[in-house]
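Same order as they appear, the protein sequences are chains A and B.
According to the working numbering, the residues represented by the first sequence are 1 to 450, in order.
According to the working numbering, the residues represented by the second sequence are 1001 to 1045, in order.
Here is the structure we will look at, set down as structure tokens.
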Amino acid sequence: MKVPVEKIAGSFRDPSGYVFRENGGLFRQITQAGQNDFEAFINSGLADKLLDDEAVVPFTFSGRKEMVLILEELPFITYPYEWSFSQLRDGALLTLEIIAEALKRGLVLKDASAFNIAFRKGRPVFIDHTSFTVYRKNEPWCAYRQFIMHFLAPLLLMRKCDLRCLGLFRNDIGGIPLELASRLLPRTTWLSPEILIHVHLHALFDRHVSEARGAARKAELKPNQLENMVSSLHSFIAGMRFPGQRTAWAAYSGSTSYNDESFRFKQACVDSFCRECAPKVCVDLGANNGIFSETVSKYAAVTVAADIDPCAVEQLYRLSREKCPGIIPVLLDLNNPSPGLGVFNGERLSFFDRFRGDLVLGLALIHHLRISGNWSLEQIAELFARMAPRALTEFVPREDPQVKQLLRGREDYCTDWTLEKMCAAFRRRFARCETIPIPGSVRTLIRLSR
Amino acid sequence: MYIDAGTGSMALQAAAAVFFTAAVFCRQIFAWCRGCLHANGTEGR
């Protein structure tokens, strides 16, 4: 067998196949162990159906002797702990729709990991082509527990407790433990039959039913009962609405600090810079409601719209679904970005290891990094230089009401927060640093290129 | 990928099968009733 050039670290767990990179292309090797299941996936017509529905990442056969698929490469992969509520819900619904379709053709999903979902053209898409196996009659769904830990438990915690509960996923990439979910959910949830069964009783069964009692041997579920379970989970999850929590940035709009004329000027500058750069992949840091991500997405094939606020990411996801499919929303705290996780910290890559772009937007952002985050000017310049060769950012001076508010009670803090010093730090990293004052405002746009 | 299906999880599915069937049945009845009400409501228009 030909030795792959670069095996993707995240796919090592699956004995049926792995993903590798060769000569700049992305491939999936189907191993001997996974050959029968994969042939069943193809021959049953499920692969064609899912490809037609754009429910799985497109692939073609490489024509090599070994079973190797050529995969369409997604420009940016986000992980479940970086999603909004609706992204996780839509990922759950897609997984259930896929298993329902698979069951009709005598197949079943052998795993139901949220990491098998990515976002493409504003929609969730299933990325693991080797997750399908032949359904053995009367056998319960082996991935049911994983589905609850990866999808239903975090959704319920976000809905019933707090949107920030999704962060628990970062602690345990195997999913939120059932016992923990059961303990964290409010007591009133014991009155909901669905939550009672799928989470609370599930946690009790998980703890008290063991192999020794022979429960696994006896457990049987008729095919129609399994279909009913999938269907009932689907309608329960489909009925879950975004909880609409009050967060610091939920009602904030990028335009609040400007009069109409200044705002139009700023938007025109962003538009002309993006047109000039014609980026393939752009990141908008602190994207908020996506007003500038939308502008960039006219020129960029992909715009990664990052924000710290779960409500803002929810808005960004709606924008990507309804209007701008090139936008990929991501929940990102620049003070604590997603780290490398899993085995050797290489299974799930850190945000900075994943992003390779041509342009960075950081509008109304850097004063927060300097004043609230206590970043040095050098670190701010490094952030932009690390991410892309070109950048557009905005300097908000001490006289601005937003900065005055940040500095309230500590007016002598951050004495280096001046346009000159910020530009000097940028010039150490970028060959060109141009400033454009915004008329009718004290703010200044800064264009950077290497 | 190999995952731990969980003995308790498999047993729960079998134990709760009746509930899932009942849930789907109730939903069908509900949809049917709603359909009838809707049909009656629009009949006289």
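All C-beta atoms in this analysis are idealised placements derived from N, C-alpha and C, irrespective of residue type, glycine included.
What does a CB cutoff of less than 8 Å around S255/A pick up in its chain, not counting 5 residues either side in sequence?
Counting from 1 along the first sequence, the entry for residue 255/A is found at position 255. Reliability of the predicted coordinates at S255/A is poor, the pLDDT of 47 falling under 50, and the value obtained from them is presented with this limitation in mind. So the qualifying residues of the chain are F263 and I291.
With three or more beta-carbon pairs closer than 8 Å as the criterion, would you say the region 26-43 of chain A touches the region 87-95 of chain A?
Because the criterion of three Cβ pairs below 8 Å is not met, the region 26-43 of chain A and the region 87-95 of chain A do not touch.
Keeping to the same chain, check which residues put their C-beta closer than 6 Å to that of S293/A; ignore five residues upstream and five downstream.
Residue 293/A sits at position 293 when you count from the first residue of the first sequence. Here the set comprises D284, A287, T303, A305 and I327.
Against chain A, does F1020/B count as a neighbour if the rule is that its beta carbon must be under 7 Å from one of theirs?
For the purposes of this step, residue 1020/B is taken as residue 20 along the second sequence, with counting starting at 1. Closer than 7 Å to some Cβ of chain A, the Cβ of F1020/B qualifies, so yes.
Every unbroken alpha helix (DSSP H) inside the region 289-357 of chain A [4 residues or more]
Taking only runs of at least 4 residues, the alpha helix (DSSP H) segments lying wholly in the region 289-357 of chain A are 291-296, 310-322 and 351-354.
Can you confirm whether A1014/B, when its beta carbon is compared against all beta carbons of chain A, has any partner nearer than 7 Å?
By 1-based counting over the second sequence, the position of residue 1014/B is 14. With a threshold of 7 Å between beta carbons, A1014/B makes contact with chain A.
Interface partners of G1035/B on chain A, CB under 7 Å
Position 35 of the second sequence, counted from the start, is the residue given in the question as residue 1035/B. For G1035/B, there are no C-beta contacts with chain A under 7 Å, since the nearest C-beta of that chain is about 16 Å from it.
Between the Cα of G362/A and those of M240/A, L349/A and E382/A, spot the shortest distance and give me the residue it belongs to.
Position 362 of the first sequence, counting from 1, holds the residue named residue 362/A. If we check each option's Cα against that of G362/A, E382/A comes out closest.
By the 9 Å beta-carbon criterion, what residues does the region 130-144 of chain A contribute toward chain B?
For the region 130-144 of chain A, which is checked against every Cβ of chain B, the residues closer than 9 Å are T130, S131, E139, P140, W141, C142, A143 and Y144.
In the DSSP assignment, what are the bridge partners of C433/A?
On the first sequence, residue 433/A is found 433 positions in, with the first residue counted as 1. According to DSSP, C433/A bridges with L448/A.
Alpha carbon of A1016/B to alpha carbon of T95/A, nearest angstrom
By one-based count along the second sequence, residue 1016/B stands at place 16. By one-based count along the first sequence, residue 95/A stands at place 95. Answer to the nearest angstrom: the Cα atoms are 21 Å apart.
Measuring only the C-alpha atoms, how far is V125/A from L71/A?
The residue labelled residue 125/A in the question sits at position 125 within the first sequence. The residue labelled residue 71/A in the question sits at position 71 within the first sequence. Those two C-alpha atoms are separated by around 13 Å.
Which residue comes first and which comes last in the alpha helix (DSSP H) that contains D271/A?
Here residue 271/A refers to the residue found at position 271 when the first sequence is read from its first residue. Counting along the chain, the alpha helix (DSSP H) containing D271/A begins and ends at D260 to C277.
Would I380/A be called buried (16 or more neighbouring beta carbons within 10 Å of its own) or exposed?
The residue given as residue 380/A occupies position 380 in the first sequence. I380/A should be labelled buried.
Would you list the one or two residues that DSSP bridges to G1041/B?
Taking the second sequence and counting its residues from 1, the one referred to as residue 1041/B is at position 41. As DSSP reads the structure, G1041/B sits in no beta bridge.
Given a threshold of 16 other Cβ atoms within 10 Å of its Cβ, counted over all protein chains shown, does P437/A qualify as buried or as exposed?
The residue labelled residue 437/A in the question sits at position 437 within the first sequence. The C-beta of P437/A has fewer than 16 other C-beta atoms within 10 Å across all chains shown, which makes the residue exposed.
Distance cutoff 7 Å, beta carbons only. Does A238/A sit that close to anything in chain B?
Position 238 of the first sequence, counted from the start, is the residue given in the question as residue 238/A. False, the Cβ-Cβ gap to chain B never drops below 7 Å.
Interface partners of G200/A on chain B, CB under 7 Å
As a working mapping, residue 200/A is identified with position 200 in the first sequence. Reading off the sequence, residue 200/A comes out as His, not Gly. Neighbours of H200/A on chain B: none; closest Cβ ~11 Å, over 7 Å.
In terms of residue numbering, what span does the beta strand (DSSP E) encompassing F151/A cover?
To locate residue 151/A, count along the first sequence from 1; it is residue 151. Unbroken run through F151/A: none, as it is neither H nor E.
Relative to the alpha-carbon of N345/A, which residue among N171/A, C165/A, A102/A and V19/A has its alpha-carbon at the smallest distance?
Along the first sequence, read from residue 1 onward, the residue named residue 345/A stands at position 345. The shortest Cα separation from N345/A among N171/A, C165/A, A102/A and V19/A belongs to N171/A.
Residue range of the beta strand (DSSP E) that L361/A falls in?
Counting from 1 along the first sequence, the entry for residue 361/A is found at position 361. First-last of the beta strand (DSSP E) with L361/A: L359 to G362.
May I ask you to verify whether the region 434-448 of chain A touches the region 259-275 of chain A, counting CB pairs closer than 8 Å and requiring at least 3?
In short, these stretches touch, since the Cβ pair count reaches three.
Can you list the residues of chain B that V209/A reaches, using a CB-CB cut of under 7 Å?
Stepping through the first sequence from its first residue, residue 209/A is reached at position 209. Counting only Cβ-Cβ distances below 7 Å, V209/A has contacts in chain B at T1007, G1008 and A1011, in chain order.
Which same chain residues end up closer than 6 Å to E378/A when comparing Cβ atoms and leaving out the 5 residues on each side of it in sequence?
For the purposes of this step, residue 378/A is identified with residue 378 of the first sequence, where counting begins at 1. Once the five neighbours on either side are set aside, the close Cβ partners of E378/A are A425.
Give the secondary structure of F242/A by DSSP, where H, G and I count as helix, E and B as strand, and everything else as coil.
Mapped onto the first sequence, residue 242/A falls at position 242. The answer is coil: DSSP assigns F242/A none of H, G, I, E or B.
I need the DSSP call for K404/A, collapsed to helix, strand or coil.
One-based indexing of the first sequence puts residue 404/A at position 404. Secondary structure at K404/A: helix, using DSSP grouped into helix, strand and coil.
Under a three-way DSSP split, which group does T393/A fall into?
Against the first sequence, residue 393/A aligns to sequence position 393. Under the three-state reduction of DSSP output, T393/A falls in the strand class.
Less than 8 Å between C-beta atoms, sequence neighbours within five positions excluded: which residues of the same chain meet that for F27/A?
In the first sequence, the residue the question calls residue 27/A occupies position 27. Hits under 8 Å: P4, V19, F20, R21, S62, V68, L69, I70 and L71.
Can you list the alpha helix (DSSP H) stretches of 4 or more residues lying completely in the region 129-198 of chain A, in chain order?
DSSP runs (the alpha helix (DSSP H)) wholly in the region 129-198 of chain A: 144-147, 153-160, 168-171 and 178-184.
On the DSSP letters alone, give me the boundaries of the alpha helix (DSSP H) that C414/A sits inside.
Looking up residue 414/A in the first sequence gives position 414. No alpha helix (DSSP H) contains C414/A, which DSSP labels as neither H nor E.
With a threshold of 6 Å on Cβ separation, who are the neighbours of A203/A within its own chain once the five nearest residues in sequence on each side are excluded?
For this step, residue 203/A is matched to residue 203 along the first sequence. Taken in chain order, the residues that qualify are L178, E179 and S182.
How would you label V1018/B, buried or exposed, when you count the other beta carbons within 10 angstroms and need 16 or more for buried?
One-based indexing of the second sequence puts residue 1018/B at position 18. Answer is exposed; the Cβ neighbour count stays below 16.
Mind checking the region 217-237 of chain A against chain B and listing, in chain order, the residues whose C-beta falls within less than 9 Å of any C-beta there?
Those residues of the region 217-237 of chain A that come within reach of chain B (Cβ to Cβ, closer than 9 Å) are K218, A219, E220, L221, K222, N224, Q225, L226, E227, N228, M229, V230, S231, S232, L233, S235 and F236.
Quick one, are the C-beta atoms of P154/A and L166/A less than 7 Å apart?
Working through the first sequence from its first residue, we reach residue 154/A at position 154. Working through the first sequence from its first residue, we reach residue 166/A at position 166. Yes, they are a contact pair.
How far does the alpha helix (DSSP H) with T95/A in it extend, from its first residue to its last?
In the first sequence, the residue the question calls residue 95/A occupies position 95. Here the alpha helix (DSSP H) through T95/A covers F85 to K104.
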